[in-house]
Each structure stands twice: as structure tokens, then as C-alpha cells.
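Colleague: Right, I'll just put the structure down here and ask away after.
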Amino acid sequence: MKKPLIGIAGNILVMETGSMPGLMRDYVNHDYSVSVIRAGGIPIIIPPLSDREDILSVLQHIDGLILSGGYDIAPDLYGEEPQLGLGFTMRIVDLFYIEMIQEALAMRLPMLGICKGMQAMNVASGGTLCQDIHRMSGVLQHEQKAPRQFPSHSVSIAPGTQLHRLFGPSLMVNSFHHQAVKEPAPGFIVAATAPDGIPEAIESSRSFALGVQWHPEMMVQSGDDTMLPVFQSLIDNC
Ligand code: MN
Numbered sequence: 169m170k171k172p173l174i175g176i177a178g179n180i181l182v183m184e185t186g187s188m189p190g191l192m193r194d195y196v197n198h199d200y201s202v203s204v205i206r207a208g209g210i211p212i213i214i215p216p217l218s219d220r221e222d223i224l225s226v227l228q229h230i231d232g233l234i235l236s237g238g239y240d241i242a243p244d245l246y247g248e249e250p251q252l253g254l255g256f257t258m259r260i261v262d263l264f265y266i267e268m269i270q271e272a273l274a275m276r277l278p279m280l281g282i283c284k285g286m287q288a289m290n291v292a293s294g295g296t297l298c299q300d301i302h303r304m305s306g307v308l309q310h311e312q313k314a315p316r317q318f319p320s321h322s323v324s325i326a327p328g329t330q331l332h333r334l335f336g337p338s339l340m341v342n343s344f345h346h347q348a349v350k351e352p353a354p355g356f357i358v359a360a361t362a363p364d365g366i367p368e369a370i371e372s373s374r375s376f377a378l379g380v381q382w383h384p385e386m387m388v389q390s391g392d393d394t395m396l397p398v399f400q401s402l403i404d405n406c
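If you count by the numbering used here, then the sequence shown holds residues 169 to 406, one letter each, in order.
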């Protein structure tokens, strides 16, 4: 059987130091490529594109899509003004993600959103985000100080979801985010929740579209197979 081609939507990294401050690089973290390969797929890195026809052409050549992590999403894209806790944003990447997701959902292309990728799935489908969860009272530490491959907090998984079929009722996850889904988009449900009530995963009821707020690719890359089913489920649906 031919291995599925998995497009990974990339980001722009703005160089802050070095010989060319301000230089922008299109990139995907190596952890994503490693995880796709370990799960049996072939990763294809897609740089940010702005033309909708170009995006459609690329989507027609891949079997599945991963939306990777990155900067905060510009809040006007979900109808809010910027609050004090908002981080750096890069609007051209947000628009690229949103167009990719909308077209991919229309095509029912299997999709996995990780961290910002999950948040973008929600925004692209009409949901909203909390701009800085650490300014809310009673919220756990979601920007862990432990190394990236180690889980730091638990999540409860909703019965009847794809995620529940993969992992059962609970799971330990790593955590590197300060934003989260606020109102889930129409057509999506919250599939996992942290003990403080922060949504940690969303799923579509219409096609395979799973978003996780944690970073399974960082755990897979380190040799921890616990999170491999996240990538295998994408590939199984291709
Ligand atoms: Mn978290």
C-alpha cells in the first residue's frame, strides 16, 4: 500500500537575533516530520500561501493535513479586540491556516490540528479563543517548565469521541500554551478538558478533524510511543 502524503502547514519564524534580525523563515519543527514518518506517512512541508486557488491545488495533492503550532492568532479573526495578555501575532500565517482548514473541511480531508493548529481549526469554523488563560483565576500551569517530551497535566476525555477510542477516559499531556478554545465552533465538540476546565481537544462530528492543545509530536520524537496513536489515527483515516 502506498504511504499517505501528509501536508504539514508551516509557519513563519521571525529571527530576533543573529546577523539578520527581522529575517523571516518558513519552517516546521522537525518533531512533526519525525512523528508522521514513525506513524507510516510521508511528511510534506507547506509554506504559508495566500492564494486560495494555490491552497486548493496543494490540498488536492495530499492525503491528510497537519496544522502545526506557532504564534497567537490575531483576535480580530474571531471578533475580538487585542487584550493585554495577547502574544506576538503573524496575520499572514493565520489567514493561510484558516483558508487551508476551510477548504480541507469542505473536501473532508482528514485533519489534525496541534496547539495553534487546534485553535485555528476552531476560529476557521466560527469559534472563539481565550487570549490569555493565565490571567484567569484558578487556571493550572499550562506553560510547563519541564522538558518538552514530558507530560505535565492530566486531561479527561469525553466518552464517545475519537480521542476516547484512542486513549480511554484520561491521559497525561505536555502543555505549552497560554491561549485556549473559548466557545467551540459549530460542528465541533470539546473532546478533552484539563482539570481546570480548559478545553484540551476538539473534534468535528462530520469528518476526521481532531485538534489537540498539547504537543504529541514532541513526545513521539523523544521515543515515547504513548502519543503515536494521534498520528496513526490521522493516517488510518487517509
Ligand atoms: Mn494544557
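We treat Cβ as the ideally placed atom computed from N, Cα and C, and that holds for glycine.
For Tyr195, write down the residues that DSSP places opposite it in a beta bridge.
Modeller: Asn179
Colleague: Answer yes or no: do Ala360 and Pro367 have a C-beta to C-beta separation smaller than 9 Å?
Modeller: In this structure, Pro367 lies closer than 9 Å to Ala360 by Cβ.
Colleague: From the DSSP output, in three-state form, read off Leu277 for me.
Modeller: coil
Colleague: Who are Glu371's beta bridge partners in DSSP?
Modeller: Ile357, Leu378
Colleague: Just curious, the alpha helix (DSSP H) that Ile223 is in, first and last residue?
Modeller: 220–227
Colleague: Give, in chain order, every unbroken run of the beta strand (DSSP E) that is at least 3 residues long and sits entirely within the region 229–317.
Modeller: 232–235, 279–282
Colleague: Cβ of Glu368 within 8 Å of any heavy atom in ligand 1?
Modeller: Result yes, Cβ under 8 Å from ligand 1.
Colleague: Need the endpoints of the beta strand (DSSP E) that Met169 sits in, please.
Modeller: Neither: Met169 is in no beta strand (DSSP E) and is coded neither H nor E.
Colleague: Between which two residues does the beta strand (DSSP E) holding His321 run?
Modeller: Unbroken beta strand (DSSP E) run through His321: 321–325.
Colleague: I believe Arg180 touches Ser236 by the beta-carbon criterion, under 8 Å. Please report the beta-carbon distance rounded to the nearest angstrom.
Modeller: Checking the sequence, you will find Ile at residue 180 rather than Arg. Ile180 to Ser236, Cβ: 12 Å. No contact.
Colleague: Since Gly295 and Glu371 should fall inside the 8 Å C-beta cutoff, what is the C-beta to C-beta distance between them, to a whole number of angstroms?
Modeller: Not quite, the Cβ-Cβ distance comes to about 13 Å (not below 8 Å), so this is no contact.
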